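Q: Add 3 to a position in the sequence shown, counting from 1, and you land on the number used in this note's numbering.
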Amino acid sequence: MNLPRRRFLHLATGAAAFAVVSRIAQAGTYPTRSVRMIVPFPAGNASDILARLVAQSLSERLGRPFTIENRPGAGGTIGTEVVVRAAPDGYALLMEVMTANAINATLYDKLNYDFIRDIAPVASIGRASYVMVVNPSLPAQTIPEFIAYAKANPSKVNMASAGNGSATHAFGALFMVLAGVDMVHVPYRGSFMPDLLGGQVQVVFGPIVQLVDQVRTGKLRALAVTAATRQAVLPDIPTVAESLPGYEATVWYGMGAPKNTPPEIIEKLNMEIAAILADETMKARFAELGCTPVPATSAEFGKFTAAEIEKWAKVIQAANIKPD
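Right under this line is the structure:
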């Protein structure tokens, strides 16, 4: 059947308009069922704790369950791939540990996805500083003293990490590059805490929430926080940058979705998350975890993601970090 050109254009325009209206209506009713939030790290991890806080608030605000599904392994790549392969309908979301995603983009030669291409940025959630701690047996009390000690004792300072290419490794590697010191990297598949407390390893760049109690009780000595500014949870501890200009390393958390997820759904989630982060109770809870809420538009978060991948690619290459 041949349609006149004007009639064809009228029908095509009508179909396009209907599709737009349909997408807007879909976003207006979203969600109509349970939403999965994939956390690519184990339960109890900082990202898991934050994800559960956000999921609970989203459930309360949107009236449907947002359930946590932990899919740990391979530095977060397993859980990320679950979301990459999911339907782009807003019912499978990724709790992004942005620093891990940025590191993995360079660390692994053959990923089954391209993070920038395959994960749509939904919302920034917040950033968390790490803290550089040492076993009290180490004589250094400050960053300059630590650098001097490490240079005077090359390859005699053992630095623990949660594994090759982890944030704890990359943050330490950045320190070594900027300070010009050499430390022996000791990666752990399990917890490094027993050996750190026992003095078998002397230093770690680790999550504040994981180390703050040991710092407060004197079991570990905090030398500096890794963020650009001092942290309320450890107000008397300086930043690394105060002694080593140019150093800044924080873990960023955000939310992503499969590519081609309707923009109306992404915008709705972004607005809801921004409202959650503005809540004073949520801000206080984040502060307890050493985390600062940082809302942003999806476009802003996308630009930040690209910048983080570029930043950590330089560190991975300079330090010649390889995966386990």
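Virtual Cβ for every residue (Gly too), placed ideally from N, Cα, C. Owing to the predicted nature of the structure, the values given are computational and were not obtained by experimental measurement.
1. Do you know whose CA, among 270, 261 and 217, lies nearest residue 82's CA?
2. If you run the structure through DSSP and keep just helix, strand and coil, what is residue 224?
3. Can you give me the Cβ contacts of residue 98 inside the same chain, cut-off strictly under 6 Å, excluding the 5 residues immediately before and after it?
4. Alpha carbon to alpha carbon, how far is residue 283 from residue 139?
5. What is the rounded straight-line gap between the Cα of residue 253 and the Cα of residue 156?
6. Please return the same chain residues whose Cβ sits closer than 6 Å to the Cβ of residue 161, not counting the five positions on each side in sequence.
7. Please classify residue 1: is it buried, with 16 or more other beta-carbons within 10 angstroms of its beta-carbon, or exposed?
8. DSSP state of residue 175, grouped into three classes?
9. Is residue 296 helix, strand or coil by DSSP?
10. For the alpha helix (DSSP H) containing residue 164, name the first residue and the last one.
11. Is it the case that the Cβ atoms of residue 243 and residue 225 are separated by a distance below 8 Å?
12. Hey, how far is the Cα of residue 24 from the Cα of residue 37?
13. Hey, which unbroken runs of the beta strand (DSSP E) at 3 residues or more fall wholly within the region 200-260?
14. Do residue 212 and residue 293 have their beta-carbon atoms positioned less than 8 Å apart in this structure?
15. Helix or strand or just coil, what does DSSP make of residue 111?
16. Please state whether the Cβ-Cβ distance between residue 269 and residue 106 is less than 8 Å.
17. Please report the residue range of the beta strand (DSSP E) in which residue 129 lies.
18. Give me the Cα-Cα distance between residue 303 and residue 116, rounded to the nearest whole angstrom.
19. Please classify residue 271 as buried or exposed, where buried requires at least 16 neighbouring CB atoms within 10 angstroms.
20. Using three-state DSSP, classify residue 181 as helix, strand or coil.
21. Could you check the C-alpha separation between residue 201 and residue 68 for me, to the nearest Å?
22. Taking the alpha-carbon of residue 208 as reference, which of 305, 191, 192 and 171 has the nearest alpha-carbon?
23. Less than 8 Å between C-beta atoms, sequence neighbours within five positions excluded: which residues of the same chain meet that for residue 74?
24. Quick one: give me the first and last residue of the alpha helix (DSSP H) that residue 266 is part of.
25. For residue 46, does the count of other Cβ atoms within 10 angstroms reach 16, so buried, or fall short, so exposed?
26. Would you list the one or two residues that DSSP bridges to residue 99?
A: In short, the structure shows the following:
1. 261
2. strand
3. 40, 42, 50 and 54
4. 37 Å
5. 28 Å
6. 187, 189, 204 and 205
7. Limits of the chain in this structure are 4 at one end and 327 at the other, which puts residue 1 out of reach.
8. helix
9. strand
10. First-last for residue 164: 161-164, but that is the beta strand (DSSP E), not the alpha helix (DSSP H).
11. no
12. Model confidence at residue 24 stands at a pLDDT of 48, short of 50, so the residue's coordinates are unreliable; what they give is reported in the following sentence. Taking the straight line joining both Cα atoms gives about 23 Å.
13. 206-210 and 224-228
14. yes
15. coil
16. no
17. 122-137
18. 22 Å
19. buried
20. helix
21. 43 Å
22. 171
23. 41, 42, 43, 81, 82 and 85
24. 266-281
25. exposed
26. 257
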